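Remarks on the structure that follows.
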Amino acid sequence: LASDADNLFVVITAREMNPKIQIISRASAVTNDRKLKLAGADNVILPDKVGGQKMAKLVIQPDILEFVEKYVDTFAAWDLLKYFHENPVSEHSISEIALEIGRKESSIIEPLSRLVELGLVSGESIAGEEHMYKYTAPAEFRWSMEKFLEATRDRTNRLAVVSIILKKEARKI
2 LASDADNLFV VITAREMNPK IQIISRASAV TNDRKLKLAG ADNVILPDKV GGQKMAKLVI
62 QPDILEFVEK YVDTFAAWDL LKYFHENPVS EHSISEIALE IGRKESSIIE PLSRLVELGL
122 VSGESIAGEE HMYKYTAPAE FRWSMEKFLE ATRDRTNRLA VVSIILKKEA RKI
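Counting from 2, one number per residue, gives the positions in the sequence shown under this note's numbering.
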């Protein structure tokens with residue numbers, strides 16, 4: 002809400018209705034941050050002071066955020082992880098994978114190599130042929146990947162992940 006007074010009322014009402022709810026509120030004036038926290042807000046966002054990145058990080062689940070920080074450093078990595086997770090028993094060459102996910106081979110070489118280094122994918126060359134890649138991620142990773150895919154079905158979470166990846170890619174430039 003635009004009015005700090007309205008936000009204060011919402012925080013008090015929400016905390017009264019559910020003492021365990023996580024409340025993220027908005028404040029226009031820096032001086033109202035403390036008041037909203039005293040009223041029961043867990044976090045207070047000052048849009049003029051803080052960008053959408055912090056807001057996105059608060060919206061997305063902490064374990065999903067940790068997963069993104071660790072494994073999803075590019076959009077190509079996201080596409081590859083999704084592809085392998087949804088095709089867990091398939092073995093494909095880099096050209097077949099690129100075709101399936103709609104990317105150039107050159108754009109997936111680096112992220113695919115990283116997934117191999119992390120032990121999530123294996124790549125073997127049979128009799129000098131092109132490498133064949135398959136999903137070899139441990140069960141714990143597969144569970145986290147499933148949670149990530151489920152979370153990104155929600156538009157807000159998906160936008161939060163996009164924001165994080167864009168920030169990572171901007172740092173590389």
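Backbone N, C-alpha and C fix where the C-beta goes; we use that ideal spot for every residue, glycine too. Bear in mind that the values here come from a model prediction, so they are computed numbers and not experimental data.
Meets three-Cβ-pair contact criterion under 8 Å: the stretch 103-121 and the stretch 151-161: no
Reference Asp-43, options Glu-70, Val-69, Leu-9, closest by Cα: Looking at Glu-70, Val-69, Leu-9, the one whose alpha-carbon comes closest to that of Asp-43 is Leu-9.
Anticipated Cβ contact below 8 Å, Val-69 with Val-163, distance rounded: Not confirmed; about 10 Å, so no contact.
Val-163 in three-state terms, based on DSSP: helix
Length at least 4, wholly inside the stretch 46-120: the alpha helix (DSSP H) runs in chain order: 53-60, 63-72, 76-87, 95-102, 106-118
Beta-carbon spacing of Ile-110, Tyr-134 below 8 Å: No. Outside cutoff.
Three-state secondary structure assigned by DSSP to Glu-141: helix
Pairwise C-alpha distance: Glu-92 and Trp-144: 21 Å
Three-way DSSP call (helix, strand, coil) for Arg-154 in this model: DSSP, read as helix, strand or coil, puts Arg-154 in coil.
Sequence-distant residues of its chain with Cβ nearer than 8 Å to Leu-121 (five each side left out): Tyr-72, Leu-82, Phe-85, Tyr-136, Thr-137, Ala-138, Phe-142
Member of Gly-41, Leu-66, Met-146, Asp-34 whose CA lies at the smallest distance from the CA of Asp-5: Asp-34
Environment of Arg-27 [buried if 16+ CB atoms lie within 10 Å]: buried
Rounded distance between the beta-carbons of Val-11 and Met-41, thought under 8 Å: Sequence check: residue 41 is Gly here, not Met. Here Gly-41 is actually not in contact with Val-11; their C-beta atoms are around 10 Å apart, not less than 8 Å.
Limits of the unbroken beta strand (DSSP E) element including Glu-17: It is not in any beta strand (DSSP E) - Glu-17 instead sits in the alpha helix (DSSP H) that spans 5-18.
Other residues of its chain near Ser-108: CB distance less than 7 Å, five sequence neighbours each side excluded: Closer than 7 Å at Cβ, skipping near neighbours: Ala-77.
Nearest-angstrom Cα separation, counted from Leu-2 out to Ala-15: 14 Å
Ala-171, buried or exposed, once every other Cβ within 10 Å from all chains shown has been counted against 16: exposed
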